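Heads up: the sequence shown begins at 15 in this note's numbering, then just goes up one per residue. Glycine included, each C-beta is placed from N, C-alpha and C at the ideal position. Just so you know, these numbers come straight off a predicted model, no measurement behind them. Remarks on the structure that follows.
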Amino acid sequence: MPRSNAAAKRPPCEFDLNENLWVEMIRSMEGLYADLATAQTEMERRAEQLQASHNFVEGVIRNMVNALVVVDPEGHVTLANESCRRLLGLSEAEIVGRPLESFFAPECVSAVHPGSVLWRKLLSGGAVRDVETQLTGANGLSVPVSLNASLLGAAGGEIEGVVLVATDLRETKRLLENARREATELERAYRELKSLQARLIQSEKMSSLGRMAASVAHEINNPLGGILVYSHLLLEEAPDDSPGAGMLRKIVRETTRCKEIVRGLLGFARQQQGEHHALDLVQVVAATVDGLGVQPLFRGIERRVELPCYALPVEGEEGPLQQALTNILVNAAEALAGKGRIDVRAWKDVEAGTAVVSVADDGPGIPPEGVDQIFEPFFTTKEIGHGTGLGLAVTYGIVRQHAGSIEVRSRPGEGATFTLSLPLRRAERSGR
Ligand SMILES: Nc1ncnc2c1ncn2[C@@H]1O[C@H](COP(=O)(O)OP(=O)(O)OP(=O)(O)O)[C@@H](O)[C@H]1O
Ligand SMILES: [Mg+2]
Numbered sequence: 015m016p017r018s019n020a021a022a023k024r025p026p027c028e029f030d031l032n033e034n035l036w037v038e039m040i041r042s043m044e045g046l047y048a049d050l051a052t053a054q055t056e057m058e059r060r061a062e063q064l065q066a067s068h069n070f071v072e073g074v075i076r077n078m079v080n081a082l083v084v085v086d087p088e089g090h091v092t093l094a095n096e097s098c099r100r101l102l103g104l105s106e107a108e109i110v111g112r113p114l115e116s117f118f119a120p121e122c123v124s125a126v127h128p129g130s131v132l133w134r135k136l137l138s139g140g141a142v143r144d145v146e147t148q149l150t151g152a153n154g155l156s157v158p159v160s161l162n163a164s165l166l167g168a169a170g171g172e173i174e175g176v177v178l179v180a181t182d183l184r185e186t187k188r189l190l191e192n193a194r195r196e197a198t199e200l201e202r203a204y205r206e207l208k209s210l211q212a213r214l215i216q217s218e219k220m221s222s223l224g225r226m227a228a229s230v231a232h233e234i235n236n237p238l239g240g241i242l243v244y245s246h247l248l249l250e251e252a253p254d255d256s257p258g259a260g261m262l263r264k265i266v267r268e269t270t271r272c273k274e275i276v277r278g279l280l281g282f283a284r285q286q287q288g289e290h291h292a293l294d295l296v297q298v299v300a301a302t303v304d305g306l307g308v309q310p311l312f313r314g315i316e317r318r319v320e321l322p323c324y325a326l327p328v329e330g331e332e333g334p335l336q337q338a339l340t341n342i343l344v345n346a347a348e349a350l351a352g353k354g355r356i357d358v359r360a361w362k363d364v365e366a367g368t369a370v371v372s373v374a375d376d377g378p379g380i381p382p383e384g385v386d387q388i389f390e391p392f393f394t395t396k397e398i399g400h401g402t403g404l405g406l407a408v409t410y411g412i413v414r415q416h417a418g419s420i421e422v423r424s425r426p427g428e429g430a431t432f433t434l435s436l437p438l439r440r441a442e443r444s445g446r
């Protein structure tokens, strides 16, 4: 290899030097280009990755059911997702850039104001959870929401903003309201059922008492009649001033009292119905009130009578009906003891198809345990010898015999109101 030997011996010329340098440069350029190409490919790959993750995040934000808002450290909105826009009924341009406070109902603004408890909690804890508040949207629309917020970019560094997620509570509230309404309705139905049950038990109790009272009264009535007849016969024969005559008079007096009680019991039981006629209840009430007004028991008591100018046609017996009202009025007067007021009213309850009479006094009222027992025979608060406790029992019997009802409302210290209802005559009920 003579040439190469010769060349090897020759000192390197300038051209050779340059040629090598060029080769070297080209090589390093090629390396650089290759690196650049790799970097370019890597960058493109990263950019694609970034775009993909950006698209992913955007998709997540867009498809979020809850409203998402991002605010900058000054509290201005920088991002609001589709759900947020829908929730407020506003466009992106109408939301972004505005202060966060402007989307809260006036009464809730103070809660989200920078420096508010919420913000302080957010700054100290980094997040707040499930705060119920009210947002304001387009046309003054008010939306109840549950708010969650967390700081963006904190953890030792600068706070970049706050991310807020609001959950629309309208549907939840509507369901809750429905549930509450249904619960109230259920409770009302339950109370009505309970009161119906109590009325049924009471009515059953009263009819059992009535049956018992009737059988006892019938059994006692005959022997009492016998005692009275024989006592009278003996009294006729006994000299007036003899000690026996005095005793016999006592027997007659006490037996007569027993007869009265038996009569009361029979009145309560009222098994035999008298003949019923067409009556105007207004006239029955007026006659009863007029008849009683003159009695000393009613002296000093103010009476107000409010009767309708139309008739209240019912079927019944005038005498017993007057008796029923008299017992109520006498009780009221006794409770008032010469001082107070009695209001008597009568009206037509078209819906129930009844004629109604109420007697109200402003006396001492009746204790709750008394209200439950008041129509039972022998319930009395009067001293022994002053009342038999049969007055209202008789009233009850008369009202029931007229297919009516009677109830009392009273509270201690607030007077008592007795309300008596009788069915209107059929022609009147059907509007003829
Ligand atoms: N308007 C009223 N205000 C307060 N208590 C009343 C009223 N009406 C009735 N009462 C109470 O009801 C009880 C029963 O009344 P009811 O007429 O049956 O018997 P009485 O009045 O005690 O006795 P009687 O009527 O046989 O003379 C009374 O003792 C009284 O305690
Ligand atoms: Mg009485």
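Requested in this report: Over the uninterrupted alpha helix (DSSP H) stretch that includes H232, give me the two end residues.
Outcome: Here the alpha helix (DSSP H) through H232 covers 184 to 251.
**Report entry** Anticipated Cβ contact below 8 Å, A231 with L280, distance rounded
**Finding:** Contact holds; Cβ gap of about 5 Å.
Query - M15, buried or exposed, once every other Cβ within 10 Å from all chains shown has been counted against 16 - result: Here the model assigns M15 a pLDDT of 41, short of 50, so the residue's position is not dependable and the matter cannot be decided.
**Report entry** Test item: CB-CB of D386 and L350 under 8 Å
**Finding:** Against a cut-off of 8 Å, the Cβ pair of L350 and D386 comes out as no contact.
Query raised in the report: Is V131 buried or exposed, if buried means 16 or more other CB atoms sit within 10 Å of its CB?
Result: Exposed, by the Cβ-count rule.
Requested in this report: Using alpha carbons as the reference points, say which of R425, V37, E146, L46 lies closest to V486.
Outcome: The displayed coordinates of the chain run from 15 to 446. Any statement about residue 486 would go beyond what the structure contains.
Requested in this report: Flag this pair as yes or no: are the beta carbons of F432 and V370 separated by less than 8 Å?
Outcome: Not closer than 8 Å, so no.
Query raised in the report: Going by the C-beta, is P334 closer than 7 Å to any heavy atom of ligand 1?
Result: Not so, every heavy atom of ligand 1 lies at least 7 Å from the Cβ.
Query raised in the report: Does any heavy atom of ligand 2 sit closer than 7 Å to the C-beta of L464?
Result: In the structure as shown, the chain starts at 15 and stops at 446, and residue 464 therefore has no counterpart that could be examined.
Requested in this report: Run the proximity test for V344: is its beta-carbon closer than 7 Å to any non-hydrogen atom belonging to ligand 2?
Outcome: Yes; taking the cut-off as 7 Å, the Cβ of V344 has a heavy atom of ligand 2 nearer than that.
Query raised in the report: Just reading off the alpha helix (DSSP H) that E397 is part of, what are its end residues?
Result: No alpha helix (DSSP H) holds E397; DSSP gives it neither H nor E.
Query raised in the report: Can the beta-carbon of D182 be found less than 8 Å from the beta-carbon of V142?
Result: For D182 and V142, no; Cβs fall outside 8 Å.
Requested in this report: Report yes if the C-beta distance between T302 and L339 is below 8 Å; otherwise report no.
Outcome: Yes, the Cβ-Cβ distance between T302 and L339 is below 8 Å.
Query raised in the report: Under the rule that 16 or more other beta-carbon atoms within 10 Å means buried, what is A81, buried or exposed?
Result: Buried.
Query - Cut-off 7 Å between Cβ atoms - residues of its own chain near G354, not counting five sequence neighbours on either side - result: Excluding residues within five positions, the ones whose Cβ falls inside 7 Å are I315, D375, D376, G377.
Query - Q415, buried or exposed, once every other Cβ within 10 Å from all chains shown has been counted against 16 - result: Within a 10 Å sphere around the beta-carbon of Q415 sit 16 or more other beta-carbons, which makes this residue buried.
Query raised in the report: Does DSSP put N77 in a helix, in a strand, or in coil?
Result: In the displayed model, N77 falls within a helix according to three-state DSSP.
Requested in this report: Compute the Euclidean distance between the alpha carbons of A292 and I265, then round it to the nearest angstrom.
Outcome: Inter-residue distance for A292 and I265 is about 43 Å (C-alpha atoms, whole angstroms).
Query raised in the report: Apart from the five residues just before and just after Q336, which ones in its own chain have a Cβ nearer than 7 Å to its Cβ?
Result: Contacts found: V298, A301, T302.
Requested in this report: Examine ligand 1 and report whether any of its heavy atoms sits within less than 7 Å of the Cβ of T394.
Outcome: Yes, Cβ of T394 sits closer than 7 Å to a heavy atom of ligand 1.
Report task. Give every residue of the same chain whose Cβ lies closer than 7 Å to the Cβ of P391, excluding the five residues on either side of it in the sequence, and list them in chain order. Result -> If you ignore the 5 residues before and after P391, its C-beta comes within less than 7 Å of the C-beta of L223, A227, L279, F282, G403, L404, A407, all in its own chain and listed in chain order.
Query raised in the report: Around the Cβ of T269, are there at least 16 other Cβ atoms within 10 angstroms (buried) or fewer (exposed)?
Result: Buried, by the Cβ-count rule.
Query raised in the report: Looking only at its own chain, which residues have a Cβ that is under 6 Å from the Cβ of R425, when we skip the five neighbours before and after it?
Result: G379, listed in sequence order.
Report task. Assign L214 to buried or exposed, taking buried as 16 or more other Cβ atoms, counted over all protein chains shown, within 10 Å of its Cβ. Result -> Answer is exposed; the Cβ neighbour count stays below 16.
**Report entry** Closest Cα partner of E499 within the set E397, V422, W361, I173
**Finding:** Absent from the model: residue 499. The displayed extent of the chain is 15 to 446, so no value can be given.
Query raised in the report: Taking the Cβ atom as the reference point for each residue, do V85 and G175 lie within a distance shorter than 8 Å?
Result: Contact annotation: V85 and G175 have beta-carbon atoms nearer than 8 Å.
**Report entry** Rounded straight-line distance, which links the Cα of P381 to that of E428
**Finding:** Going from the Cα of E428 to the Cα of P381 covers about 10 Å.
Query raised in the report: Using a Cβ-Cβ cut-off of 6 Å (strictly less than) and excluding sequence neighbours within five positions of S435, which residues of its own chain qualify?
Result: If the five residues before and after S435 are omitted, its C-beta is found closer than 6 Å to the C-beta atoms of T368, V370, G418, S419, all from its own chain and listed in chain order.
Report task. For T52, I'd like the list of residues in its chain whose CB is within less than 8 Å of its CB, leaving aside the five on either flank, ordered along the chain. Result -> No residues qualify anywhere along the chain.
Query - Top-ranked residue by Cα proximity to E72, from N95, I412, L190, Q63 - result: Just measuring C-alpha positions, the residue of N95, I412, L190, Q63 sitting nearest E72 is N95.
Query raised in the report: In terms of alpha-carbon separation, which member of Q148, D144, L149, M220 lies closest to S164?
Result: S164 has its Cα closest to that of D144, out of Q148, D144, L149, M220.
Query raised in the report: Would DSSP call P382 helix, strand or coil?
Result: It is helical.
Query raised in the report: The alpha helix (DSSP H) with N341 in it runs from where to where?
Result: For N341, the uninterrupted alpha helix (DSSP H) run begins and ends at 332 to 350, by DSSP.
**Report entry** Residues near R317 by beta carbon distance below 6 Å, same chain, minus five either side
**Finding:** Close CB contacts of R317 within its chain, under the 6 Å cut and outside five residues either way in sequence, are with I356 (chain order).
**Report entry** Other residues of its chain near G352: CB distance less than 7 Å, five sequence neighbours each side excluded
**Finding:** Excluding five sequence positions before and after G352, the CB atoms of its chain that fall closer than 7 Å to its own CB belong to R313, G314, I315, given in chain order.
Requested in this report: May I ask you to check if the CB of T270 is nearer than 7 Å to at least one heavy atom of ligand 1?
Outcome: False, no ligand heavy atom lies under 7 Å from that Cβ.
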